[in-house]
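Taking my numbering, I'd label the letters of the sequence shown as residues 873 to 1018.
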Amino acid sequence: MTGEVADQSVLIIRGQDGVIRAFHNVCGHRAHPLLEDSGNRKLITCPYRQWCYGSDGKFRQACGRDSLKDWIPDNADLKPARREDYCGFLFVNMDPDTRPLIDQAAVLLKDMKDACPRFDELVRAERWEVDVNANWKAVIDNNHEC
873 MTGEVADQSV LIIRGQDGVI RAFHNVCGHR AHPLLEDSGN RKLITCPYRQ
923 WCYGSDGKFR QACGRDSLKD WIPDNADLKP ARREDYCGFL FVNMDPDTRP
973 LIDQAAVLLK DMKDACPRFD ELVRAERWEV DVNANWKAVI DNNHEC
């Protein structure tokens, strides 16, 4: 899954080991965007030069790697972002070394828990997606009247 955090593209992946990870959604070669949508992939392949990464963010291979061996950096892995779960929400900070969310937003997290004490027991019942040529607020306001 891809998204944006403060105008930076982020890539969220559930690895083959079941761990959810977040990475900057750019290739280590020329910072080309890697993915634009959601889906299932065993390898993430850059559309520009076909550098490949595993679901753990580790660099796997590049076309013409033998001729590039002196050019590929020692750490060509995807750059990680900080990912935390709270009450079923996924929070991402592009700085992997930042302080934990609970240290930065304790009041917000407490308010979420107080507003719905059993929030962490809720499960998504349905997902639907609709493209509407309108301001999202008008759609939400209209939906609340039903």
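Beta carbons are placed, not taken as given, at the ideal position from N, Cα and C, and that holds for glycine. Note that the structure is a prediction, hence the values are computed from the model and not measured.
Opposing strand residues paired with Cys924 [DSSP bridges]:
Secondary-structure assignment with DSSP links Cys924 through a beta bridge to Thr917, Gln933.
Roughly how many angstroms separate the alpha carbons of Val877 and Asn965, rounded to a whole number?
Rounded to whole angstroms, the separation of the alpha carbons of Asn965 and Val877 is 7 Å.
Within the present structure, is the beta-carbon of Asn1015 separated from the nearest heavy atom of the ligand HEM by less than 8 Å?
The ligand HEM is not among the ligands present in this structure, which contains no ligands whatsoever.
Spatial neighbours of Leu883 within its chain, please: C-beta separation below 8 Å, excluding the five flanking residues on both sides.
Excluding positions up to five away in sequence, the list reads Met873, Thr874, Ala894, Phe895, His896, Asn897, Leu906, Leu907, Ile916, Leu950.
Here's a check: name, in chain order, each residue in its chain whose Cβ is nearer than 6 Å to the Cβ of Lys930, leaving out the five neighbours to either side.
Asp949
In chain order, what residues of the same chain have a beta carbon less than 6 Å from the beta carbon of Arg921, not counting five sequence neighbours either side?
His901
Using DSSP bridges, identify the partner residues of Gly911.
The partner list for Gly911 (beta bridge, DSSP) is empty, contrary to what the question assumes.
State buried or exposed for Cys918, treating a residue as buried only when at least 16 other CB atoms are found within 10 Å of its CB.
Residue environment analysis places Cys918 among the buried positions, since at least 16 neighbouring C-beta atoms fall within 10 angstroms of its C-beta.
Leu980, enclosing alpha helix (DSSP H) - first and last residue:
978 to 987 is the extent of the alpha helix (DSSP H) around Leu980.
With DSSP as the reference, identify every bridge partner of Asn965, one or two as the case may be.
Arg954
Contacts around Asn1014, its chain only, beta-carbon distance under 7 Å, and the 5 residues preceding and following it disregarded
none
Three-state secondary structure assigned by DSSP to Val1004
coil
State the DSSP-derived secondary structure class of His1016, mapped to helix, strand or coil.
helix
Name the residue from Asp1003, Tyr958, Asn1007 whose alpha carbon lies nearest to the alpha carbon of Glu993.
Tyr958
Would you call Cys988 buried or exposed, if buried means 16 or more other Cβ atoms sit within 10 Å of its Cβ?
That one is exposed.
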